[in-house]
Each structure stands twice: as structure tokens, then as C-alpha cells.
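Participant: If you scroll down you'll find the structure; I have some questions about it.
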Amino acid sequence: MTKSELIESLAKRQSQLAYKDVELAVKTILEHMANALSNGERIEIRGFGSFSLHYRPPRVGRNPKSGDPVSLPAKYVPHFKPGKQLRDRIDQTKDIPINQDPEDYKPL
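Going by our numbering, the sequence shown opens with residue 3, and the numbers climb by one from there.
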């Protein structure tokens with residue numbers, strides 16, 4: 003699901019809200035989350051999960067074209083840890099094929 007698909011879905015579910023209001027709300031929430039992470043803060047949404055930063059130390063990588071070693075600097079990367087309710091909900095859908103067109107799915 004893309005951001006625009008999320009906005010469209012929410013606007014349909016919440017028909018009393020204008021599309022522009024839903025769009026503004028989603029963009030504002032995502033902007034606040036990005037700002038919090040960029041300031042080193044942890045974001046916790048109970049039942050859904052938490053977002054935090056993980057440190058990646060400097061390392062030596064390889065140029066895939068030439069094979070030459072390349073020095074990669076240390077960096078922080080965003081990390082998502084799903085909450086228990088989300089994990090349980092996803093576990094209940096384990097028999098559903100992921101990212102497949104329902105017409106293409108043929109049970110074994």
C-alpha cells in the first residue's frame with residue numbers, strides 16, 4: 003500500500019471528511035514521525051509497533067561492478083519492531099499468499 007492508496011482508503015472509510023483533510027492528516031503524521039526519528043527519538047504506537055534507530059558501524063563494502071573495496075561510513079537506519087497485536091493478526095493470515103494477484107493464485 004502506498005501513501006496515496008492509504009489516503010484514498012481512509013477518505014472512503016471516513017466519508018464525512020474531505021479528501022484534502024485526510025491527505026493533510028496522513029502527511030502531517032508521517033512528517034512528525036520522520037522528524038522524531040531524525041531527532042533520535044523512539045516512536046511507540048501501542049498494539050502496532052515501535053520505530054527506532056539502529057546504528058550501523060563503518061565497514062568495507064565492494065563495488066559490485068569492479069569488485070574494488072569501498073569504505074562505507076557509519077550510519078543510523080530506521081528500524082520497525084511490530085507489536086504483539088500486529089504480530090498475532092499477521093500470524094492469522096499466514097495461509098494468504100503475499101503480493102499475488104488472486105486470479106494467479108492456484109492452491110496446490
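Using N, Cα and C, we set each Cβ at its ideal position, and we do this for glycine too.
1. Which residues in the same chain have their Cβ closer than 6 Å to the Cβ of ALA36, if we skip the five residues on either side of it in sequence?
2. Suppose you measure from the CA of ILE31 to the CA of ARG89; what does that come to, to the nearest Å?
3. Report the rounded CA-to-CA distance for GLU46 versus HIS81, giving the unit in angstroms.
4. Can you find the residues in the same chain that come closer than 7 Å, C-beta to C-beta, to SER54, ignoring five residues on each side of it along the sequence?
5. Output needed for LYS77: all residues of its chain with C-beta closer than 7 Å, excluding positions within five of it in sequence on either side, in chain order.
6. Since LEU12 is in the alpha helix (DSSP H), which residue starts that stretch and which ends it?
7. In angstroms, rounded to a whole number, what distance separates the CA positions of TYR107 and SER6?
Facilitator: Result, derived from the coordinates:
1. none
2. 23 Å
3. 12 Å
4. ARG44 and HIS81
5. ARG58
6. 5-15
7. For TYR107, the predicted model reports a pLDDT of 48, less than 50, meaning its position is unreliable; a value from the coordinates is still stated below. Rounded to whole angstroms, TYR107 to SER6 spans 26 Å at the Cα level.
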